[in-house]
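Asks: Chains as they are written, first to last, in my numbering: chain A, 24 to 362; chain B, 24 to 362.
Quick reminder that beta carbons are idealized off the backbone N, C-alpha and C, glycines included.
Owing to the predicted nature of the structure, the values given are computational and were not obtained by experimental measurement.
Protein chains: 2
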Amino acid sequence: MKRPTIADVAQRAGVSKGAVSYALNGQPGVSEATRQRILAIATEIGFSPSSAARALSAAAAGAIGLALCRPARTLGVEPFFMALISGVEAELSARSYALTLQVVADHDAEIAVYRRWWGERRVDGVLVCDLRTDDRRIPALEHLQLPAVVIGGPGGTGELASLWSDDAAALTETVEYLVALGHRRIARVAGLPDLRHTEIRTDAFAAIRQRLGLVEAVTVWSDYTGEEGGRATRRLLSSAERPTAVIYDNDVMAIAGLSVAQEMGLTVPGDLSIVAWDDSPLCRLVHPPLTALGRDIPAYGAHAARHLLAVVAGQPAGRVQDETPHLTPRGSTAPPRSR
Amino acid sequence: MKRPTIADVAQRAGVSKGAVSYALNGQPGVSEATRQRILAIATEIGFSPSSAARALSAAAAGAIGLALCRPARTLGVEPFFMALISGVEAELSARSYALTLQVVADHDAEIAVYRRWWGERRVDGVLVCDLRTDDRRIPALEHLQLPAVVIGGPGGTGELASLWSDDAAALTETVEYLVALGHRRIARVAGLPDLRHTEIRTDAFAAIRQRLGLVEAVTVWSDYTGEEGGRATRRLLSSAERPTAVIYDNDVMAIAGLSVAQEMGLTVPGDLSIVAWDDSPLCRLVHPPLTALGRDIPAYGAHAARHLLAVVAGQPAGRVQDETPHLTPRGSTAPPRSR
DNA sequence: GATGCTGACTGAACCGGATAAGCTGAGCCA
DNA sequence: TGGCTCAGCTTATCCGGTTCAGTCAGCATC
Chain A
24 MKRPTIADVA QRAGVSKGAV SYALNGQPGV SEATRQRILA IATEIGFSPS SAARALSAAA
84 AGAIGLALCR PARTLGVEPF FMALISGVEA ELSARSYALT LQVVADHDAE IAVYRRWWGE
144 RRVDGVLVCD LRTDDRRIPA LEHLQLPAVV IGGPGGTGEL ASLWSDDAAA LTETVEYLVA
204 LGHRRIARVA GLPDLRHTEI RTDAFAAIRQ RLGLVEAVTV WSDYTGEEGG RATRRLLSSA
264 ERPTAVIYDN DVMAIAGLSV AQEMGLTVPG DLSIVAWDDS PLCRLVHPPL TALGRDIPAY
324 GAHAARHLLA VVAGQPAGRV QDETPHLTPR GSTAPPRSR
Chain B
24 MKRPTIADVA QRAGVSKGAV SYALNGQPGV SEATRQRILA IATEIGFSPS SAARALSAAA
84 AGAIGLALCR PARTLGVEPF FMALISGVEA ELSARSYALT LQVVADHDAE IAVYRRWWGE
144 RRVDGVLVCD LRTDDRRIPA LEHLQLPAVV IGGPGGTGEL ASLWSDDAAA LTETVEYLVA
204 LGHRRIARVA GLPDLRHTEI RTDAFAAIRQ RLGLVEAVTV WSDYTGEEGG RATRRLLSSA
264 ERPTAVIYDN DVMAIAGLSV AQEMGLTVPG DLSIVAWDDS PLCRLVHPPL TALGRDIPAY
324 GAHAARHLLA VVAGQPAGRV QDETPHLTPR GSTAPPRSR
């Protein structure tokens, strides 16, 4: 099937290529009658303008890029990314932008991809995930002058546009909730320490610990995998003064933690309360269903995409705040059983 | 930062655009000395050829498309897709192809996306997921003459290229394994019935049921969500003659089923053996870890991408078989406790 | 010394759109 | 009737690559 070009439409309509272009793009320069005729012919022969030709003359790719810096085999376990992508995608496709995806091994490879994408004019802008402290990608993107929105922060995003949510407030709310239930020995199983949002949560945890005088509150480090999350839980629950509540930095570790607790003969929430960050269907999959800190992740992705398109369009690179994660109490939290 | 074009390279090297093009693409027509000089200049000023310009003259997009037909909020729960995508991506980026992703609501929207992508010359080919019985997308793609590889089958892929794995053999192996452990009352919680691979597994289950005379073997229908999987399990375990082993069509339903069993006071694997299709880190997250039918999904995606690129390059649209899923016994299967 | 050949390169056309500039004829007015 | 305006087109140019047809110097050949 030969794919028609603008010249085919022009020929059948008996007008020039220019007239067709004006007609299809809603520009003045053709009469309404001619426009309708051209539109009808374009529809009839199934014409879509070549994205390459359009990109070439418009000097815009009509696509935005997302590089994911995660090992292939663990990328899929957290539902977060796919939900984010679907939100991004919904917003983009509504505005006829394409999403170009690439999985990269590390930040150097990611920066190389940005450089290539920008040089090849393959994307008009990028979304940056998993912000680290002292993230090398920030200065690299600033130097390239590649429009970007960093999903993360606040702080550490340089002059780039960003979208952040108030994780500190969410963590504070969660600790206050657990304290209100009567918990004092609260542990937090944190994700990778060099991620910016882990750092923010850690700082917030330290602050509320001090404010409420929770001297027994501890943070232990993990890496977002279920394996490590389970191991950290086992250590916590084996200690002499084991915590009565644990906050996990993601859903996968929380589920692993729940399994470990049950395996060790503890009941949840009787002996141990569990809170998961990142509410997802996984949290409702297990028994008891997990109390979780959630937010609308597809909406978050859509918000990020909207912001990026605004930046691409030349609007100032602002720092936009998204919804604060909110606590959804379910069956995994309760007052501690007095012993 | 002004992005350099081939004309900039040509000017600095004191040659014509054509010479630069020959030099960069390893074509004859320039001396080795000149080629090296041009290459050095290109590297120095950070030149990457515009993908749009290249696409325009080569009449190839340098990208392949993947449309995902799933609701945004459930897309991420199964690790399968992200693992598949990362495998696809690894293969593509190694060959300098881009991956364009779009989330669509239904098959009509998906077909419209294919039509647009192909008309816009945005992709050179597509990967098709979640093959249904009597899938409308197949004739639509054949009619468009858009190069495609269907991930699924065997059967129902028309004249299109496809990549399939022998789910029937895998299911048979699993049932034989359970029977060898001593199980007779084996249930299967199936996924959406109009998916081709569900149908294949259902047929295989019926065949082995007949062959081994497992008159008590039943299939119940679900939809791959944890919620439905849990509900199906609850029904099965409440029946008078409850099964001693359940095979789930995906990992998410299996985990939900495990939770339901434990909630109902049954021990796994003592009272109930569980097998999950699609091994994933989720299966090792829970206690006991789930016996699962697994395969290397990133490799599957990479294989599909390779096959598609071959089809795009004009090779015949063959039906290629991938690795058969293999059973990994873990803690969720054991001989039935005699009662 | 005319001829042919080859290697190294140039110039121009082309891909399929967008768009600025130029042209044409109808309508209006003095 | 000539001049002016303006809607409604056409023409030409550009975007940044690839590629084909030449050009031309240098060399071997008879």
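Evaluate I320 (chain A) with the Cβ neighbour count: other Cβ atoms within 10 Å of its Cβ, from every protein chain shown; 16 or more gives buried, anything less gives exposed.
Replies: Translated into positions along the first sequence, residue 320 (chain A) becomes position 297. Buried.
Asks: Quick check: the Cα distance between I174 (chain B) and S261 (chain A), rounded to an integer number of angstroms?
Replies: Residue 174 (chain B) sits at position 151 when you count from the first residue of the second sequence. Residue 261 (chain A) sits at position 238 when you count from the first residue of the first sequence. Each residue's alpha carbon lies about 47 Å from the other.
Asks: Beta-carbon within less than 7 Å of E112 (chain B)'s beta-carbon, same chain only, minus the 5 sequence neighbours each way: which residues are those?
Replies: On the second sequence, residue 112 (chain B) is found 89 positions in, with the first residue counted as 1. Taken in chain order, the residues that qualify are L122.
Asks: Please classify S282 (chain B): does DSSP put it in a helix, a strand, or coil?
Replies: As a working mapping, residue 282 (chain B) is identified with position 259 in the second sequence. Three-state DSSP puts S282 (chain B) in a helix.
Asks: Hey, quick one: how far does the beta strand (DSSP E) through G110 (chain B) stretch, first residue to last?
Replies: Here the question's residue 110 (chain B) lines up with position 87 in the second sequence. Per DSSP, G110 (chain B) belongs to no beta strand (DSSP E); it is in the alpha helix (DSSP H), 102–117.
Asks: Look at G249 (chain B) and L308 (chain A) and say whether their C-beta atoms are less than 8 Å apart.
Replies: Walking along the second sequence from the start, residue 249 (chain B) turns up at place 226. Walking along the first sequence from the start, residue 308 (chain A) turns up at place 285. Contact flag set, yes.
Asks: Who are the near neighbours of V32 (chain A) in its chain, counting only those whose CB is closer than 6 Å to its CB and skipping five residues on each side?
Replies: Counted from its first residue, the first sequence places residue 32 (chain A) at position 9. Closer than 6 Å at the Cβ level, and outside the excluded window around V32 (chain A), lie V43, I64, A65, F70.
Asks: Can you pull the chain A neighbours of F103 (chain B), defined as C-beta to C-beta under 8 Å?
Replies: To locate residue 103 (chain B), count along the second sequence from 1; it is residue 80. Under the 8 Å cutoff, chain A gives G99.
Asks: Say whether the segment 76–88 of chain B touches the segment 147–163 of chain B, bearing in mind that this needs 3 or more beta-carbon pairs closer than 8 Å, one atom from each stretch.
Replies: Because the criterion of three Cβ pairs below 8 Å is met, the segment 76–88 of chain B and the segment 147–163 of chain B touch.
Asks: Quick one: grab the DSSP three-state call for R265 (chain A).
Replies: Within the first sequence, residue 265 (chain A) is the residue found at index 242, counting from 1. It is coil, neither helix nor strand.
Asks: Which same chain residues, not among the five before or five after V202 (chain A), have their C-beta less than 8 Å away from its C-beta?
Replies: As a working mapping, residue 202 (chain A) is identified with position 179 in the first sequence. Hits under 8 Å: I209, L235, L237.
Asks: Can you look up T66 (chain B) in the DSSP assignment and give me helix, strand or coil?
Replies: Taking the second sequence and counting its residues from 1, one reaches residue 66 (chain B) at position 43. Reduced to three states, the DSSP call for T66 (chain B) is helix.
Asks: Tell whether a beta-carbon distance below 8 Å holds between A143 (chain A) and E165 (chain A).
Replies: Within the first sequence, numbered from 1, the residue matching residue 143 (chain A) stands at position 120. Within the first sequence, numbered from 1, the residue matching residue 165 (chain A) stands at position 142. Checking the sequence shown, residue 143 (chain A) turns out to be Glu, not Ala. No, these two residues do not count as a Cβ contact at 8 Å.
Asks: Going by DSSP, what residue range makes up the beta strand (DSSP E) through R26 (chain A)?
Replies: One-based indexing of the first sequence puts residue 26 (chain A) at position 3. Taken as a continuous stretch (DSSP letters only), R26 (chain A) belongs to no beta strand (DSSP E), as it is neither H nor E.
Asks: Determine the burial state of Q50 (chain B): buried for a count of at least 16 other Cβ atoms within 10 Å of its Cβ, exposed for fewer.
Replies: By one-based count along the second sequence, residue 50 (chain B) stands at place 27. By the neighbour-count rule (16 or more Cβ atoms within 10 Å), Q50 (chain B) is not buried but exposed.
Asks: Could you tell me which chain B residues have their CB closer than 9 Å to the CB of A72 (chain A), listed as they occur along the chain?
Replies: What you label residue 72 (chain A) is simply residue 49 of the first sequence in a count that begins at 1. It is worth fixing the name first, because residue 72 (chain A) is Pro in this sequence and not Ala. Per Cβ cutoff of 9 Å: G142, E143.
Asks: Chain B beta carbons: is any one of them nearer than 8 Å to that of I278 (chain A)?
Replies: One-based indexing of the first sequence puts residue 278 (chain A) at position 255. True, the Cβ-Cβ gap to chain B drops below 8 Å.
Asks: Please confirm if Q364 (chain B) has its CB atom under 8 Å from at least one CB of chain A.
Replies: Past the boundaries of the shown model lies residue 364 (chain B); chain B is included only from 24 to 362, so the question cannot be answered.
Asks: Taking a contact to mean a Cβ-Cβ separation below 8 Å, would you say G179 (chain B) touches D158 (chain B) in this structure?
Replies: Taking the first residue of the second sequence as position 1, residue 179 (chain B) is located at position 156. Taking the first residue of the second sequence as position 1, residue 158 (chain B) is located at position 135. Going by C-beta atoms, G179 (chain B) is nearer than 8 Å to D158 (chain B).
Asks: Which residues in the same chain as A388 (chain A) place their Cβ atom closer than 8 Å to its Cβ, once the five residues preceding and following it in sequence are excluded?
Replies: Absent from the model: residue 388 (chain A). The displayed extent of chain A is 24 to 362, so no value can be given.
Asks: Can you give me the C-alpha to C-alpha distance between A327 (chain A) and A135 (chain A), rounded to a whole angstrom?
Replies: To locate residue 327 (chain A), count along the first sequence from 1; it is residue 304. To locate residue 135 (chain A), count along the first sequence from 1; it is residue 112. For A327 (chain A) and A135 (chain A), the distance between alpha carbons rounds to 23 Å.
Asks: Under a CB-based cut-off of 8 Å, is E286 (chain B) close to chain A?
Replies: Taking the second sequence and counting its residues from 1, one reaches residue 286 (chain B) at position 263. So, interface residue.
Asks: Under 8 Å, do G280 (chain A) and V298 (chain A) count as touching if we go by C-beta distance?
Replies: Sequence index remark: in the first sequence, residue 280 (chain A) carries index 257 (1-based). Sequence index remark: in the first sequence, residue 298 (chain A) carries index 275 (1-based). Against a cut-off of 8 Å, the Cβ pair of V298 (chain A) and G280 (chain A) comes out as no contact.
Asks: Could you please tell me which residues of the segment 342–356 of chain A, in chain order, have their CB closer than 8 Å to any CB of chain B?
Replies: Result list empty, no residue passes.
Asks: What does V172 (chain B) pair with, by DSSP beta-bridge criteria?
Replies: One-based indexing of the second sequence puts residue 172 (chain B) at position 149. Beta-bridge pairing links V172 (chain B) to B:L150, B:A184.
Asks: Which of the three DSSP states, helix, strand or coil, is assigned to L289 (chain B)?
Replies: Stepping through the second sequence from its first residue, residue 289 (chain B) is reached at position 266. The answer is coil: DSSP assigns L289 (chain B) none of H, G, I, E or B.
Asks: From the DSSP output, read off the bridge partner residues of R342 (chain B).
Replies: In the second sequence, residue 342 (chain B) corresponds to position 319, counting from 1. According to DSSP, which records beta bridges pairwise, R342 (chain B) is partnered with B:S185.
Asks: Taking the continuous beta strand (DSSP E) assigned at G88 (chain B), which residues delimit it?
Replies: In the second sequence, the residue the question calls residue 88 (chain B) occupies position 65. 86–92 is the span of the beta strand (DSSP E), which, as asked, contains G88 (chain B).
Asks: Show which residues of chain A have a CB atom less than 9 Å away from the CB atom of S303 (chain B).
Replies: Translated into the one-based positions of the second sequence, residue 303 (chain B) becomes position 280. Residues of chain A passing the Cβ test: G99, V100.
Asks: To the nearest angstrom, how far is it from the Cα of W141 (chain B) to the Cα of V100 (chain A)?
Replies: Residue mapping note: residue 141 (chain B) aligns to position 118 of the second sequence, counting from 1. Residue mapping note: residue 100 (chain A) aligns to position 77 of the first sequence, counting from 1. If you take the alpha carbons of W141 (chain B) and V100 (chain A), they lie about 32 Å apart.
Asks: Exposed or buried, which one is E222 (chain B) when buried takes at least 16 other CB atoms within 10 Å?
Replies: Position 199 of the second sequence, counted from the start, is the residue given in the question as residue 222 (chain B). That one is buried.
Asks: Which one of A:V38, A:L107, A:P292 has the shortest CA to CA distance from L204 (chain A)?
Replies: For the purposes of this step, residue 204 (chain A) is identified with residue 181 of the first sequence, where counting begins at 1. Per the Cα distances, A:P292.
Asks: Could you spell out the range, first to last residue, of the alpha helix (DSSP H) harbouring L331 (chain B)?
Replies: For the purposes of this step, residue 331 (chain B) is taken as the residue at position 308 of the second sequence. Run containing L331 (chain B): 320–335, per the alpha helix (DSSP H) assignment.
Asks: Any beta-carbon of chain A closer than 8 Å to the one on G69 (chain B)?
Replies: The residue given as residue 69 (chain B) occupies position 46 in the second sequence. Interface residue, yes.
Asks: So with Cβ pairs under 8 Å, would you call E112 (chain A) a contact of chain B?
Replies: Translated into positions along the first sequence, residue 112 (chain A) becomes position 89. Chain B, which has a Cβ nearer than 8 Å to the Cβ of E112 (chain A), makes this yes.
Asks: If W244 (chain A) sits next to A213 (chain A), beta carbons under 8 Å apart, how far is it from one beta carbon to the other, in whole angstroms?
Replies: As a position in the first sequence, residue 244 (chain A) is number 221, starting the count at 1. As a position in the first sequence, residue 213 (chain A) is number 190, starting the count at 1. Contact holds; Cβ gap of about 5 Å.
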